[in-house]
Each structure stands twice: as structure tokens, then as C-alpha cells.
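Below you'll find the structure, written out as C-alpha cells, and then a few comments.
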Amino acid sequence: MVAASGSGSRDGWSSRTAFVLAAIGSAVGLGNLVRFPAEAAQNGGGAFVVFYIACIVLIGLPVLLSETLIGRHGQSSATVSVRRMAEQSGAPKAWEGIAALGVLGSTMILAFYCVIGGWVVNYIWLFFNDLIQSGVMGGALPGMSGEDIAAIFPSLLEDGMTMSVLDLIFLGLTFYFVARGVSSGIEVMATWLMPAFFILLLGITVYGAFGGAFSETLTYLFTFDFSKLTGPVMLAAVGQAFFSLSLGMAGMITYGSYVGRNVNLAGTSAIIASADTAVALIAGLCIFPIVLAAGLSTDGGLGLMFDTLPHAFQSMPAGSLVGLAFFIMVGFAALTSSVALMEVPTAWAMEKFQARRLPCATIIGLIVLVLGTLSAYSLNTLSGFHPLGFIPLFEGQGIFDVLDGMTAKLLMPIGALLICIFVGWVADPKLIDDENGLTGALHLFWRFLVRYLCPVALAAILVVGLFPDLVSA
Ligand code: PFF
40 MVAASGSGSR
50 DGWSSRTAFV
60 LAAIGSAVGL
70 GNLVRFPAEA
80 AQNGGGAFVV
90 FYIACIVLIG
100 LPVLLSETLI
110 GRHGQSSATV
120 SVRRMAEQSG
130 APKAWEGIAA
140 LGVLGSTMIL
150 AFYCVIGGWV
160 VNYIWLFFND
170 LIQSGVMGGA
180 LPGMSGEDIA
190 AIFPSLLEDG
200 MTMSVLDLIF
210 LGLTFYFVAR
220 GVSSGIEVMA
230 TWLMPAFFIL
240 LLGITVYGAF
250 GGAFSETLTY
260 LFTFDFSKLT
270 GPVMLAAVGQ
280 AFFSLSLGMA
290 GMITYGSYVG
300 RNVNLAGTSA
310 IIASADTAVA
320 LIAGLCIFPI
330 VLAAGLSTDG
340 GLGLMFDTLP
350 HAFQSMPAGS
360 LVGLAFFIMV
370 GFAALTSSVA
380 LMEVPTAWAM
390 EKFQARRLPC
400 ATIIGLIVLV
410 LGTLSAYSLN
420 TLSGFHPLGF
430 IPLFEGQGIF
440 DVLDGMTAKL
450 LMPIGALLIC
460 IFVGWVADPK
470 LIDDENGLTG
480 ALHLFWRFLV
490 RYLCPVALAA
500 ILVVGLFPDL
510 VSA
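Count along the sequence shown starting at 1, add 39, and that's the number in the numbering used here.
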């Protein structure tokens, strides 16, 4: 279907709902399900949550609106959209470099994101088999001892070959939807998977609330402890808000470029940010009752999902079913994010080389596959290979960690900072105001945020990311 985007033959979203679901799909991902609950619990509970919500509203939302409006104005790939706005504002077209950073960054994130997506596929398979063998009502993984379960994740990380195959499966799924196009691939996927994701999330949360330690979770997650809200924690919250809303990587410029002119971008951005934050909060209420009821450690990181939860499912009634539902839910969230990540370089290549979608997506898929395979092996066989070891920030890090660190600590904050400077200071305010749908005091407030507060906050994350010794935890 050719969009409500109104630009002749260009593919685009068929409705505002399609855009909202696809953008929420991009935002809701591993960041919400793994990182947010762990960070909130460890860094001051309710105090962190309140601060995080302030970051989303005051810093994330203005940048989200800035990105989508650049895309909608340009109706092109991210680089051309920025260039168009720069040229119409009498600014150098070199500003398109902001989006070029995003194209590069999205490709890099996609490479390690698909490796993690592959782990999710592994656990879906594990719990699927378990369900078939042990039936619905028992706990999960009945024949396994605690040590056996504890060995699942480390042995997966040791096995580069299996991880590469799983990476290929997850990337293949991502490729399939991107290759089908915006309205017949990404949109169709998001309109099925996002509602399914919400049903699974709510279902598991309610089940966990009845069977698990819900009131303990409320205390654990929301007790206000302002003493833990230190400088580094606050910066981590800003960084998490950015990662969670998929900002600074040209993704929302690209998705914005498929939006029709009739859509109010400010209101829609607010819906996207609210849904993303709600999922992060509900994820905490979904995961911790299960973990706390099993008396397990709530220490965060990827181990919480891939190591602790399988233990918890073992002691839970209908554990294999809940485990399977849980990892399918995570898989849906990861897939709608990986598709957004792949669309950025694909749309860029199609326009740059005036080529069709299929060959562009294929070549990008192959590049990502090579990077992903190297990332998978960097966790085992290639662990001694530190490609950027000569730079202090990346000392001792393999490819997986370099891709993660380089994007989260450098490319994302730099990209978002430049977007704020571009929208707040460089672009012609008339062009911006035509797109953003804001009036009166709200409009003034938004301009203040984009011109002053957001750049300062982003510069701070960047400096701390680069020079961690400047602030001690
Ligand atoms: N927002 C996604 C998450 O929370 O997992 C990650 C992400 C997707 C980041 C797309 C950047 C992006 F362009």
C-alpha cells in the first residue's frame, strides 16, 4: 500500500495506528525487559523511577518529536531528510552526517542485538521442548538439577557455532519482514506482534502477581531511596531513556518519514513514549514477583533473564508454559526492534544507490551476519581479540562489547546531541513549527528543552561515557 505519506509512489504506513504500533515496537525491546527493571531496583527504586520518567518527558520526548518531524518533513531516508531540511534552512548539507552516524550505529546495534535475539530463540526452543515433554501443569525443566540449569547460559556463550546459527535464524526473520517493505512487511508484523506482546505481558504479570511475591516486588521496586540517586545513576537513567526510545540512531527519522501529513506528531510521540515507559514498569512487575517468590537473586544484567528466570520457572506451577510464553514475548519485543534497526540502513541504501529493497536488505543482512558471527565468537574463541584495544575506552573488549559500548556511549549520545542542535539552533523554525503540531506555552517549552536542557544532558552523558573516572559511583 502506498502511504498516507503522500509522496507519490513511496511506501509508507497505511494509518496512524500502524505508525504508532511500529514505533512502539521499535522502542519496546530488550532495553525495557532486561535493563530497566534491574536498574530501577538497584538504583533507588521509586526515586529512580520518578527520575527516569522525568528524563523521558523532558529529554526523550522532545528528541523523539525532533526526529519524527525531520523524517516527516523530508519524506526520504534519514540522510536525505536531514539534508533537505538543512538546505531549506540555508545550512550546509554536511548536517546529513548526523543521520549517516545513525545508519552506521543502527547497523552496529543490529549485529549484537540479533545475537541476543538468537539466545531468545534458544530459550523458546528449550521451553517448547520442555512443554511437550513435561506437560502443562508441572514446573519447568523437571529432570534438571540447579547446576544443570545454571550451566545452560554459560554453555551457550561458550558455543560460537550454535550462537551463530541462532543469530542467523533471528536475523533471517528480521530480514524477511524488512524485505517485504514498510506497509506489507514491517507494518503487518507490528500490527500482529505488538498486541500479542501486550497480551502476553499482561497475562504473565497477572499470573505472577497471584502466584508470586507481588507485594514484596512493590516494596522492592518502588521504595524511594534518594540516597542511591547519585550522578552516575542519573546519567545512566538518561542513557537508558534514550536507548529505550530508540533515539539518536536515525530510526525514528526513518519511521517518521513514512508518516502522513495528517498525523499530529506531538500527540503521537507522547503516546509512543508513554507506552514504552509503561512497558518498562510492567516488565518490573512481571519479572520480580517470579524471581522473588523463588528466593533468587535479583541482580541485573542479561543473567537475570537468561539464567535466573529459568531457575524460577522450575519452581512455578505451569512453569514450562510460562517460560515459553515469556520468551516468545521477549522474542516479539526484540524482533519489532531489530526490524526498526534494519530498516534504517536499508532505506538509506535504497535511496543512495537508487536500488530495490531486496538487494539492499540482502547486502545489509550479509554485513550484519558477518559482524554478528564475529560478535558471537568474541564471547569465546575470539575473546582475546580486542579490535580497538589501543583506545582506553575499549581496552580489553571483544567485538560484542565494542559494538555495544561504541553505540551506547558514543554514537547514540552524539547523534541525539547533534539532532537537538540541528532542530533547536540550525533548522529554520518555520519548517519545524509546520511539522510539530505544538502551539502556545507548550511550543515555547518544547523549544526551550530542545535548545538548552537536552543538549546539556546529552553532553553530560557523553563526557561521563568517555571519561568515567570523572565521576565516581
Ligand atoms: N529501543 C530498543 C530497546 O529498548 O531494546 C533498542 C533500540 C531499537 C535502540 C532501535 C535503537 C534503535 F534504533
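Virtual Cβ for every residue (Gly too), placed ideally from N, Cα, C.
Here the structure is a predicted model, which means the values were calculated and not measured.
Three-state secondary structure assigned by DSSP to residue i
| i | result |
| --- | --- |
| alanine 512 | Low confidence applies here, because alanine 512 scores a pLDDT of 49, under 50, leaving its location unreliable and the question unanswered by this model. |
| aspartate 198 | coil |
| phenylalanine 506 | coil |
| valine 41 | At valine 41 the pLDDT is 38, less than 50, meaning the model places this residue with poor confidence and gives no usable figure here. |
| aspartate 467 | coil |
| aspartate 50 | strand |
| proline 426 | coil |
| lysine 156 | Just to set this straight, residue 156 is glycine in the shown sequence, not lysine. In this structure, glycine 156 counts as helix in the three-state DSSP scheme. |
| serine 184 | coil |
| leucine 335 | coil |
| leucine 140 | helix |
| tyrosine 416 | helix |
| methionine 451 | helix |
| glutamate 434 | coil |
| isoleucine 175 | According to the sequence provided, residue 175 is valine. The question's isoleucine does not apply to it. Coil, per DSSP. |
| asparagine 161 | helix |
| phenylalanine 282 | helix |
| threonine 107 | helix |
| glutamine 127 | helix |
| proline 356 | coil |
| methionine 381 | helix |
| valine 119 | helix |
| threonine 269 | coil |
| methionine 291 | helix |
| serine 313 | helix |
| phenylalanine 392 | coil |
| threonine 146 | helix |
Of the listed residues the options, nearest to residue i (C-alpha basis)
| i | options | result |
| --- | --- | --- |
| tryptophan 231 | Val59, Val441 and Asp508 | Val59 |
| aspartate 443 | Ile155, Gly250, Asp169 and Gly476 | Ile155 |
| aspartate 472 | Ser354, Gly83, Leu108 and Arg395 | Leu108 |
| alanine 312 | Asn475, Ser377, Met233 and Leu284 | Leu284 |
| phenylalanine 151 | Ser254, Ile188, Ile326 and Leu210 | Leu210 |
| tryptophan 158 | Ser184, Pro193 and Met124 | Pro193 |
| isoleucine 238 | Leu509, Met368, Thr293 and Phe424 | Met368 |
| serine 274 | Ala499, Phe327, Ala93 and Val227 | Looking at the sequence provided, one finds leucine at residue 274 rather than serine. The residue with the shortest Cα to Cα distance from leucine 274 is Ala499. |
| phenylalanine 253 | Ile188, Ala61, Cys325 and Leu481 | Cys325 |
| glutamate 186 | Glu434, Gln353 and Cys459 | Gln353 |
| leucine 427 | Trp464, Ala415 and Asp440 | Asp440 |
| leucine 405 | Cys153, Val96, Ala364 and Ala79 | Cys153 |
| glycine 224 | Leu492, Thr375, Gly435 and Gly334 | Thr375 |
| phenylalanine 461 | Lys132, Ser116 and Gln114 | Lys132 |
| alanine 314 | Pro234, Asn475 and Gly182 | Pro234 |
| methionine 344 | Val73, Phe282, Leu492 and Ala79 | Val73 |
| valine 227 | Gly437, Ala189, Ala57 and Pro356 | Ala57 |
Beta-bridge partners of residue i, as assigned by DSSP
| i | result |
| --- | --- |
| glycine 84 | Phe263 |
Beta-carbon contacts of residue i that lie in its chain and below 6 Å, excluding the five residues immediately before and after
| i | result |
| --- | --- |
| alanine 379 | Ser65 and Gly290 |
| alanine 43 | Residue confidence for alanine 43 is low, a pLDDT of 42 falling below 50, so the modelled location carries little weight; the figure read from the coordinates is stated next. Closer than 6 Å at Cβ, skipping near neighbours: Gly299. |
| valine 330 | Thr337, Thr347 and Ala351 |
| glycine 47 | At glycine 47 the pLDDT is 48, less than 50, meaning the model places this residue with poor confidence and gives no usable figure here. |
| leucine 501 | Pro452 |
| tyrosine 162 | Phe366 |
| threonine 446 | Gly144, Met147 and Ile148 |
| alanine 466 | Met124 and Ser128 |
| leucine 205 | Gly157, Val160 and Asn161 |
| methionine 40 | Below a pLDDT of 50, predicted positions are generally treated as unreliable, and methionine 40, at 39, falls in that range; no measurement from the model is reported. |
| glycine 83 | Asp264, Lys267 and Leu268 |
| glycine 250 | none |
| alanine 319 | Asn71 and Phe75 |
| proline 349 | Ile188 |
Beta-carbon proximity list for residue i, same chain, < 7 Å, skipping 5 on both sides
| i | result |
| --- | --- |
| arginine 55 | Val302 and Thr307 |
| leucine 477 | Ala305 and Trp485 |
| alanine 496 | Ile98 and Val277 |
| glycine 45 | Any reading at glycine 45 needs caution, since the residue's pLDDT is 39, under 50, leaving its predicted position unreliable; the model's value is listed next. Closer than 7 Å at the Cβ level, and outside the excluded window around glycine 45, lie Gly299 and Arg300. |
Residues of its chain near residue i, where Cβ-Cβ distance is below 8 Å and the 5 sequence neighbours each way are ignored
| i | result |
| --- | --- |
| leucine 509 | Val502 and Val503 |
| leucine 505 | Leu432, Lys448 and Leu449 |
| threonine 401 | Phe214 and Ala218 |
| tryptophan 164 | none |
Stretch pair the stretch 137-149 + the stretch 452-466: three plus CB contacts closer than 8 Å | yes
May I have all residues whose beta carbon comes closer than 6 Å to any heavy atom of the ligand NAP, sorted in chain order?
-> With respect to small molecules bound, the structure shown includes the ligand PFF and not the ligand NAP.
Are three or more beta carbon pairs between the stretch 95-103 and the stretch 486-496 nearer than 8 Å?
-> yes
Between the stretch 381-391 and the stretch 78-94, do at least 3 Cβ pairs fall closer than 8 Å?
-> no
Is the number of C-beta pairs between the stretch 261-274 and the stretch 396-409 that are closer than 8 Å three or more?
-> no
Three or more beta-carbon pairs under 8 Å between the stretch 411-427 and the stretch 211-230, yes or no?
-> no
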